[in-house]
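**Student:** Here you go, one structure.
Residue numbers (our numbering): 24 to 323.
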């Protein structure tokens with residue numbers, strides 16, 4: 024049984040860093056957050072069970088999304104999707120922004136477009152967008168209006184009104200992403216065959232690392248020899264196939280140890296290790312501490 028306590032809207036109500044009475048929410052489906060709440064929500068690696076949208080207004084910060092670090096500066100909009108692993112890598116004391124957290128149930132009610140898969144694939148690879156002054160002002164206007172509607176608890180249609188505003192905001196976001204995709208088209212069109220192979224490997228790894236850690240598995244899926252795939256990945260990324268696999272596995276292991284009730288044996292099973300002892304040795308080899316020590320330090 025999966026006991027992973029994923030990061031969701033309900034996580035805010037149990038965070039020791041957040042005053043639950045100050046939260047503006049609609050049930051467990053939508054929340055507007057301030058900077059302190061969003062920082063505590065992403066403190067340490069955790070897996071999202073929601074979508075999150077944030078606009079940096081002042082200050083700077085660094086957030087890790089998956090295996091990549093992104094620098095946040097004023098005018099940057101970040102978009103996080105369910106199942107992504109996120110970690111706060113350092114936020115300056117003067118950091119300020121506006122944020123929305125949206126449940127899966129609300130996401131499913133957003134408009135369905137013909138190119139929706141391209142939209143989400145782009146966001147997964149490009150979670151940070153640099154807005155123009157006009158785009159930034161538009162998002163701030165939406166934040167103000169949505170917040171005003173959420174606070175008006177006397178409005179018996181506030182849930183429907185917020186959903187309508189979110190749908191409108193979604194179209195604004197799609198427009199910005201469309202412009203970004205258009206600007207990337209020329210770059211994408213001149214990718215080398217080796218770069219294409221690496222992207223295919225990376226996408227496959229993202230869905231298979233929990234159960235598959237052999238180079239042969241990924242090579243077979245891509246109809247390549249292990250030697251050729253290893254050479255391509257090393258040339259394109261300066262990391263070996265094993266390096267990438269280990270990074271994904273360790274990131275998932277840390278997230279589970281940090282934000283789940285699963286014991287070490289259950290985590291070992293989830294990540295397809297032969298036994299708990301082998302998982303413990305693997306984890307300590309790459310991190311310098313045992314899984315139990317890592318969890319203990321988390322709770323300190």
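Where is the CB? At the ideal position from N, CA and C, for every residue including glycine.
Hey, is residue 265's beta-carbon within less than 9 Å of any beta-carbon in chain C?
**Tutor:** Looking for chain C here will not work: only one protein chain is present.
**Student:** Look at residue 196 and residue 272 and say whether their C-beta atoms are less than 9 Å apart.
**Tutor:** Locating residue 196 in the chain shown gives position 173, counting from the first residue. Locating residue 272 in the chain shown gives position 249, counting from the first residue. No. Outside cutoff.
**Student:** Please say whether residue 294 and residue 278 have beta carbons closer to each other than 9 Å?
**Tutor:** Translated into the one-based positions of the chain shown, residue 278 becomes position 255. Translated into the one-based positions of the chain shown, residue 294 becomes position 271. No. Outside cutoff.
**Student:** With which residues is residue 121 paired in a DSSP beta bridge?
**Tutor:** Within the chain shown, residue 121 is the residue found at index 98, counting from 1. Answer is 78, bridged to residue 121.
**Student:** Going by alpha carbons, who is nearest to residue 131 out of 242, 268, 240, 73?
**Tutor:** Position 108 of the chain shown, counted from the start, is the residue given in the question as residue 131. Closest by alpha carbon: 73.
**Student:** Under three-state DSSP, which class holds residue 54?
**Tutor:** Residue mapping note: residue 54 aligns to position 31 of the chain shown, counting from 1. Residue 54 falls in the strand class under three-state DSSP.
**Student:** Out of 126, 235, 79, state which residue places its alpha-carbon closest to the alpha-carbon of residue 297.
**Tutor:** For the purposes of this step, residue 297 is taken as the residue at position 274 of the chain shown. Minimum Cα distance to residue 297 is reached at 235.
**Student:** When we look at the beta-carbon of residue 301 and count the other beta-carbons within 10 Å, is it buried (16 or more) or exposed?
**Tutor:** One-based indexing of the chain shown puts residue 301 at position 278. With fewer than 16 other Cβ atoms within 10 Å, it is exposed.
**Student:** Between which residues of its own chain and residue 89 is the CB-CB distance below 7 Å, once the five residues before and five after are set aside?
**Tutor:** What you label residue 89 is simply residue 66 of the chain shown in a count that begins at 1. Around residue 89: 107, 108.
**Student:** Touch check for the region 153-160 and the region 93-100: three-plus C-beta pairs under 8 Å?
**Tutor:** Contact between the region 153-160 and the region 93-100 is present, because at least three Cβ pairs lie under 8 Å.
**Student:** Please report the distance separating the alpha-carbon of residue 224 from that of residue 181.
**Tutor:** By one-based count along the chain shown, residue 224 stands at place 201. By one-based count along the chain shown, residue 181 stands at place 158. Going by the C-alpha atoms only, they are around 45 Å apart.
**Student:** From residue 305 to residue 198, what distance separates their C-alpha atoms?
**Tutor:** Sequence index remark: in the chain shown, residue 305 carries index 282 (1-based). Sequence index remark: in the chain shown, residue 198 carries index 175 (1-based). Rounded to whole angstroms, residue 305 to residue 198 spans 45 Å at the Cα level.
**Student:** Where do the N-terminal and C-terminal ends of the beta strand (DSSP E) with residue 95 fall, by residue?
**Tutor:** Working through the chain shown from its first residue, we reach residue 95 at position 72. Residue 95 -> beta strand (DSSP E) spans 91-95.
**Student:** Looking only at its chain, what residues have a beta carbon closer than 6 Å to the beta carbon of residue 85, apart from the 5 residues adjacent to it on each side?
**Tutor:** Indexing the chain shown from 1 puts residue 85 at position 62. Closer than 6 Å at Cβ, skipping near neighbours: 92, 94, 112, 113.
**Student:** So what's residue 111 in DSSP terms, helix, strand or just coil?
**Tutor:** Within the chain shown, numbered from 1, the residue matching residue 111 stands at position 88. DSSP places residue 111 in strand when its eight states are reduced to three.
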